[in-house]
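Read left to right, the sequence shown gives residues 497 to 835 (our numbering). Note sheet for the following structure.
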Amino acid sequence: MTHDDPRPQPSSSRPLLEIRDLNLDFGTPRGRIHALRNVSLDVPGGQVVGIVGESGSGKSTLAYTVMGLLPENAQVTAGSILFERRDLLNMTAHERRGLLGDRLAMIFQDPMTALNPVRTIESQMIEIQHHKHGSRSEKRARIIGMLQRVGIPDPQDRIRAYPHQFSGGMRQRICIAMALLVKPALLIADEPTTALDATLEVQIIHLLKNLQSEIGCSVLFVSHHLGAVAELCDHVVVMYAGEIVEKGNVREIFHNPRHPYTRALLECDPGRIRQRTRVLPTIPGEVPSLLGSNNGCIFRLRCPHASVRCAQESPLEYRIGTEQAVRCHLLEHERMASV
Ligand code: ATP
Ligand code: SF4
Ligand code: MG
497 MTHDDPRPQP SSSRPLLEIR DLNLDFGTPR GRIHALRNVS LDVPGGQVVG
547 IVGESGSGKS TLAYTVMGLL PENAQVTAGS ILFERRDLLN MTAHERRGLL
597 GDRLAMIFQD PMTALNPVRT IESQMIEIQH HKHGSRSEKR ARIIGMLQRV
647 GIPDPQDRIR AYPHQFSGGM RQRICIAMAL LVKPALLIAD EPTTALDATL
697 EVQIIHLLKN LQSEIGCSVL FVSHHLGAVA ELCDHVVVMY AGEIVEKGNV
747 REIFHNPRHP YTRALLECDP GRIRQRTRVL PTIPGEVPSL LGSNNGCIFR
797 LRCPHASVRC AQESPLEYRI GTEQAVRCHL LEHERMASV
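What follows is the structure, given as structure tokens:
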């Protein structure tokens with residue numbers, strides 16, 4: 497939050513980001529891919545929400561929908577995305593552009609997605625501050641301070657370098673510095689550490705955690721790496737084949753997972769496997785086709801508990817704790833359906 501920002505800040509009682517019943521299709525020559533189905537989630541102010549799920553579950557699609565960076569063949573068919581109480585899906589292109597790099601910022605898996613290879617770090621980081629007040633020398637001082645914060649050595653000299661003159665880990669640090677320089681209300685990070693080795697990953701996660709609590713922004717953190725999610729996040733959303741199958745606070749999801757898919761995902765997590773093994777387990781079966789309509793539970797073809805009902809009827813979402821909500825018939829008798 498900037499001191500020079502006169503706009504109203506979100507009240508602490510309402511989530512910063514509220515996604516409701518979001519449905520999105522991709523048009524393809526083979527038909528329409530239903531990549532997001534009835535997705536609803538909240539990102540509270542100042543909190544970190546992790547999104548986990550196997551490849552193809554719709555994590556990036558969700559992140560890019562919030563950022564308004566979808567490809568042309570994508571179509572939101574239903575739902576709303578309220579950010580600071582304004583529906584992002586009903587904004588003009590001009591209004592959305594005004595939010596990017598100001599209230600909303602993103603870090604990508606490949607830092608070169610965000611960096612321009614033919615411009616110096618300084619010129620890119622000056623430009624990203626175009627919404628902010630201050631002279632060029634003040635903006636330059638902010639850049640140097642932020643690069644120092646993210647661990648770039650000799651930032652006074654290095655700001656004149658080009659992206660290719662940094663290692664992959666340093667480039668990702670620069671992207672984090674760029675994203676956080678504008679003090680966004682919401683930072684979206686899509687697999688920001690997946691391309692890095694384990695040591696660098698730990699460093700980047702700690703850096704993100706420190707900067708997030710310093711700036712007080714919210715983060716939507718997409719990752720395959722459950723250990724990183726456990727370390728960084730307050731809440732976790734589990735996606736499977738375009739649907740949210742379980743969500744809750746980080747303790748609930750990691751210590752008391754209730755959806756058969758969440759359990760299977762955690763059982764395959766290398767960080768949790770105690771016995772030494774050369775072959776990491778995977779969840780048997782494949783993610784179903786997202787073409788056409790799907791009756792019944794989306795996970796039924798891989799679920800060890802599937803019954804006839806699971807093939808006929810889509811499960812409702814059952815709220816079973818203060819935060820935990822699970823989309824599975826097995827939870828029917830524990831609590832009332834919330835959706
Ligand atoms: P990963 O972990 O591999 O990054 P993900 O969870 O981010 O996976 P998405 O990239 O969001 O998954 O993809 C969700 C589904 O949408 C997949 O079936 C994917 O093939 C499909 N998809 C994504 N982008 C497009 C596109 N531009 N056109 C058609 N289908 C797409
Ligand atoms: Fe398994 Fe049925 Fe629950 Fe789906 S609804 S996760 S198939 S038990
Ligand atoms: Mg992805």
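Yeah, the Cβ is synthetic: ideal placement off N, Cα and C, and Gly gets one too. In this text the structure is predicted, and so the values were computed from the model without any measurement.
Span separating the alpha-carbon of residue i from that of residue j
{"i": "Asn-519", "j": "Ile-740", "result": "12 angstroms"}
{"i": "Gln-644", "j": "Ala-657", "result": "15 angstroms"}
{"i": "Met-674", "j": "Val-646", "result": "10 angstroms"}
{"i": "Gln-708", "j": "Met-642", "result": "13 angstroms"}
{"i": "Ile-794", "j": "Ala-737", "result": "7 angstroms"}
{"i": "Asp-521", "j": "Asn-534", "result": "12 angstroms"}
{"i": "Pro-561", "j": "Ala-570", "result": "Here the sequence assigns Thr to residue 561, which means Pro is not the residue at that position. Cα-Cα distance, rounded: 9 angstroms."}
{"i": "Arg-796", "j": "Cys-806", "result": "6 angstroms"}
{"i": "Arg-636", "j": "Glu-618", "result": "7 angstroms"}
{"i": "Leu-537", "j": "Ile-515", "result": "5 angstroms"}
Any non-hydrogen atom of the ligand ATP closer than 7 angstroms to residue i Cβ
{"i": "Leu-797", "result": "no"}
{"i": "Thr-557", "result": "yes"}
{"i": "Thr-843", "result": "Past the boundaries of the shown model lies residue 843; the chain is included only from 497 to 835, so the question cannot be answered."}
{"i": "Pro-766", "result": "no"}
As assigned by DSSP and simplified to three states, the class of residue i
{"i": "Gln-505", "result": "Here Gln-505 scores only 48 on pLDDT, less than 50, and its place in the model should not be relied on; the value that follows carries that caveat. In this structure, Gln-505 counts as coil in the three-state DSSP scheme."}
{"i": "Phe-579", "result": "strand"}
{"i": "Ser-536", "result": "strand"}
{"i": "Asn-790", "result": "coil"}
Beta-carbon contacts of residue i that lie in its chain and below 6 angstroms, excluding the five residues immediately before and after
{"i": "Asp-583", "result": "Ser-576"}
{"i": "Thr-690", "result": "Gln-605"}
{"i": "Arg-654", "result": "Ile-648"}
{"i": "His-499", "result": "Caution is warranted here: a pLDDT of 41 is assigned to His-499, below 50, making its placement in the model unreliable, and no coordinate value can be reported."}
Closer than 7 angstroms: residue i CB and nearest the ligand MG heavy atom
{"i": "Glu-687", "result": "yes"}
Cβ neighbour criterion (16 or more within 10 Å) applied to residue i
{"i": "Glu-591", "result": "exposed"}
{"i": "Met-608", "result": "exposed"}
{"i": "Val-804", "result": "exposed"}
{"i": "Ala-589", "result": "exposed"}
{"i": "Arg-615", "result": "exposed"}
{"i": "Glu-580", "result": "buried"}
{"i": "Glu-809", "result": "exposed"}
{"i": "Gly-549", "result": "buried"}
Cutoff 7 angstroms; reference residue i; Cβ partners in own chain excluding five residues on either side
{"i": "His-660", "result": "Pro-613"}
{"i": "Gly-527", "result": "Leu-787 and Gly-788"}
Neighbourhood of residue i by C-beta, 8 angstroms cutoff - its chain only, sequence neighbours within 5 removed
{"i": "Val-746", "result": "Gly-546, Val-725, Ala-726, Cys-729, Asp-730, His-731 and Val-732"}
Residue i: CB within 7 angstroms of a non-hydrogen atom of the ligand SF4
{"i": "Pro-811", "result": "yes"}
{"i": "His-825", "result": "yes"}
{"i": "Ala-802", "result": "yes"}
{"i": "His-702", "result": "no"}
{"i": "His-829", "result": "no"}
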